[in-house]
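See structure below.
Residue numbers (the numbering used here), protein chains in the order written: chain A, 207 to 382; chain B, 207 to 382.
Below, the structure is given as structure tokens:
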């Protein structure tokens, strides 16, 4: 089982602008109609663990985009909206608790999403794979992908894919 | 003429550890004895502009490593050490002043080095090319490459080189 981060990030390490905006992600022309490895990635995972902020952002998209089970890490939200019953569960606890609950329910490969959630998993050294898609922009400010860590974490470069000669997507595996 | 940044950076955007250490840069095995594009890059540039911190770091290496003219941006240092006369000049001012002085002396393509210096040039939108070599480690803390910017800056991906299947070096050009 693996805990995997798949995320787009600006060259200066932001995942959203200061107002939470992610429109800049879609600025890149996509003449090949690439899905940037998304469907291949989603096939590999069994469930998602995301933070409340990310969940609430996804709700603004309108249609719920995930077919896989989604665990939302929240100690605030209580009742899953009726149209998302069976698709979303609210859980709480430390990253290890979240993994334990997902594992108990039979989910093995987990997609870890959302800045704060990712930072918590990295701080606990619970990220096995990091798939970073670098967008060629310096945002200058915003929500950072990475936070401070008590110790450095080494990774192994597995592969890099270039999409449309614009986006650079590198796959890293934790080197323990 | 171009102002070019060529720098190695951790996946979380640091160029040195909290104590200024850069040993982690040399952790990656290098069975091909690659110079990571260094000599090809150095051939393209006419002079370097670096900050005082970087200059003082380079002095600790022992032998002076640059054949090209080096401008050190400093308002503190005054007299160039005798063994570096003709190789190093101390200059001061805003990024545009530094460029003007280098240009006045006939230097066209400038290698901009050092965290604070790079941040100043980016804040003034005076970086034309950004060559980032991503080292597969999360340092967790240290000297950041990028600082805050008032406005976002778009770049164009030019190419990506992978060295030893470990280091990912992407070339970006400012898209104005």
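No residue lacks a Cβ here, since even glycine has one placed at the ideal position from N, Cα and C.
Here residue 301/B is buried: its Cβ has 16 or more other Cβ atoms, across all protein chains shown, within 10 Å. Fully contained in the stretch 279 to 327 of chain A are the following beta strand (DSSP E) runs of length 3 or more, in chain order: 294 to 297 and 316 to 319. Contact of residue 320/B with chain A is not assigned, every C-beta pair being separated by 8 Å or more.
Every alpha helix (DSSP H) stretch that sits fully inside the stretch 223 to 250 of chain A and reaches 4 residues is listed by chain position as 244 to 250. For residue 224/A, no Cβ of chain B is located within less than 8 Å of the residue's own Cβ.
Per DSSP, the beta bridge partners of residue 366/A are 376/A. Proximity of residue 211/A to chain B, defined by a Cβ-Cβ separation below 8 Å, is not satisfied.
DSSP lists no bridge partner for residue 266/B.
Take the alpha-carbon of residue 245/A and the one of residue 325/A: they are about 24 Å apart.
Apart from the 5 residues on each side of it in sequence, residue 222/A sits with its Cβ closer than 6 Å to the Cβ of 228, 348 and 349 in its chain, given in chain order.
Three or more Cβ pairs drawn from the stretch 301 to 321 of chain B and the stretch 207 to 215 of chain B lie within less than 8 Å of each other, which places the two stretches in contact.
Per DSSP, residue 358/A lies in no beta strand (DSSP E) segment and is marked neither H nor E. Only residues of its own chain outside the window of five on either side were considered, and among them 360, 361 and 362 have a CB closer than 7 Å to the CB of residue 381/A, listed in chain order. Residue pairing from DSSP places residue 211/B in a beta bridge opposite 318/B and 336/B. Between residue 316/A and residue 296/A, the gap from beta carbon to beta carbon reaches 8 Å or more. In terms of beta-carbon proximity, residue 366/B lines the interface with chain A, with at least one pair separated by less than 8 Å. Membership of residue 257/B in the beta strand (DSSP E) is indicated by the continuous run 253 to 257. As the crow flies, the alpha-carbon of residue 310/B is around 42 Å from that of residue 367/A.
Below the 8 Å Cβ cutoff, chain A contributes 336, 338, 352, 361 and 378 as neighbours of residue 217/B, in chain order.
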